[in-house]
Amino acid sequence: MRSYQTQYATTTFWLLTLVVVFILGLAACSSLDETGFIAYSTGPEGERDIAVVRPSGNQSQMIITDPADDFSPRWSADGNRLAFLSNRDGNVELYIASADGTNLMRSTNTGVPESDPTWSPDGRRVAYVSPDSEGNPHILILQIATLLPQRLTFGSIGETDPAWSPNGRWLAYVGLKEDGEPEGIFIRNPDGVNRITVTSGLDGSPTWSPDSKWLAYVSEQGGNKDVYIITIESEDRVGTPIKLTDYEGLDFAPTWSPDSKQVAFLSDRNGNLDIFTIEADGENLQALTTNEVDELEVVWGPDGRLVFVSQLSDKPDLFIMKENGADQSALAPSGQGYAQPDW
Numbered sequence: 089m090r091s092y093q094t095q096y097a098t099t100t101f102w103l104l105t106l107v108v109v110f111i112l113g114l115a116a117c118s119s120l121d122e123t124g125f126i127a128y129s130t131g132p133e134g135e136r137d138i139a140v141v142r143p144s145g146n147q148s149q150m151i152i153t154d155p156a157d158d159f160s161p162r163w164s165a166d167g168n169r170l171a172f173l174s175n176r177d178g179n180v181e182l183y184i185a186s187a188d189g190t191n192l193m194r195s196t197n198t199g200v201p202e203s204d205p206t207w208s209p210d211g212r213r214v215a216y217v218s219p220d221s222e223g224n225p226h227i228l229i230l231q232i233a234t235l236l237p238q239r240l241t242f243g244s245i246g247e248t249d250p251a252w253s254p255n256g257r258w259l260a261y262v263g264l265k266e267d268g269e270p271e272g273i274f275i276r277n278p279d280g281v282n283r284i285t286v287t288s289g290l291d292g293s294p295t296w297s298p299d300s301k302w303l304a305y306v307s308e309q310g311g312n313k314d315v316y317i318i319t320i321e322s323e324d325r326v327g328t329p330i331k332l333t334d335y336e337g338l339d340f341a342p343t344w345s346p347d348s349k350q351v352a353f354l355s356d357r358n359g360n361l362d363i364f365t366i367e368a369d370g371e372n373l374q375a376l377t378t379n380e381v382d383e384l385e386v387v388w389g390p391d392g393r394l395v396f397v398s399q400l401s402d403k404p405d406l407f408i409m410k411e412n413g414a415d416q417s418a419l420a421p422s423g424q425g426y427a428q429p430d431w
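Letter by letter, the sequence shown follows residues 89 to 431 of the working numbering.
Laid out in structure tokens, this is it:
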């Protein structure tokens, strides 16, 4: 098996040539005249493509199609580029393209499956998860201009769930123990050396508030999944965890409102998975969906509406609604199968 260092060798001439072509291509005009599209994967697993649609449901179009599996689209902060995962070269690698799917470039070449891409706010780097030669996942940061990846931290067993703070100062992540269980949530300055412990225990899914002052996360320390929040007070200080939900079942998948005052999440407290919102002070719990089917994903968008995936049949559908659950409408034709929306 190749060594961990060999997996990330990027000194070949063809790769440098691709970088130059890609950077020059980004200046080209895009067929997407404006930003603000919702990207998502569509189709059966193993054959997925990537499409975009306006929050109004207009201007729906396929932008990345291939006989292989293309999935997990993630917009850059300016909406001009899209990172995604694909096995089109025989292994799940990280790719980057312009917003309309052109200027596509394979950005990793490791022989191991990459996952969980997340952009830096300035659009110059992408953090992602990649396993080492022993199969332990680690977070790497890829410089887009050079395609040179660097480990976020060394000396750890493994890390998952990278989440870049909107102000660019921190990467939050979950540290792993030798048995693969979470040991807590940490934050690290990707440009520095400091590593701050945020929580300790069975915690995961760190999610930043848009103002970069709070982390929402999911904890199983009580024996079931609940949503917590914690404030990041300074360079060397974090607040006390606040248990935002208290339910014997499942509360998970938190996503913040644009004003950082509410958290939406999935819960099975109604007998199936529905979408709920709650104020950051723990007040005003509301159910936004009351379907007899499961909602599978939810993302709070920048205009205050929420895009979500609902399991109406064996092929999930894509919907959008207001922050109070009103005006629920389909964003794409039913029966195609949709997942992983990013706004």
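Every residue gets a Cβ at the ideal spot worked out from N, C-alpha and C, and that includes glycine. Note that the structure is predicted; figures quoted are calculated from it, not measured.
Where residue i sits in the DSSP three-state scheme
i	result
L394	strand
S208	coil
Y128	strand
L305	Here residue 305 is Tyr; the residue named in the question, Leu, does not match the sequence. DSSP places Y305 in strand when its eight states are reduced to three.
I366	strand
T295	strand
V286	coil
Q416	coil
Y335	coil
L354	strand
T248	strand
E181	strand
Residues of its chain near residue i, where Cβ-Cβ distance is below 6 Å and the 5 sequence neighbours each way are ignored
i	result
P421	none
T377	D362, I363, E383
N255	S300
Among the options, the one whose alpha carbon lies nearest that of residue i
i	options	result
D279	S144, Q238, E308	Q238
F242	L235, A233, I229	I229
G189	N179, W163, T196	W163
A414	G392, I245, D339	G392
Q231	L182, V397, E135, R276	L182
S348	T365, N360, G134, N358	T365
I245	V262, A368, T234, A233	V262
Beta-carbon proximity list for residue i, same chain, < 8 Å, skipping 5 on both sides
i	result
S417	G145, F407, I408, M409
Between the CA atoms of residue j and residue i - distance to the nearest angstrom
i	j	result
D291	D334	15 Å
A375	S253	28 Å
A127	P161	6 Å
Y316	M150	37 Å
L192	P329	42 Å
D299	R142	25 Å
Q309	D154	42 Å
P404	R136	13 Å
D249	P225	10 Å
Outcome for residue i when other beta-carbon atoms lying within 10 angstroms are tallied against a minimum of 16
i	result
V140	buried
S297	buried
Q35	This structure cannot settle anything about residue 35, because the visible part of the chain is limited to 89 through 431.
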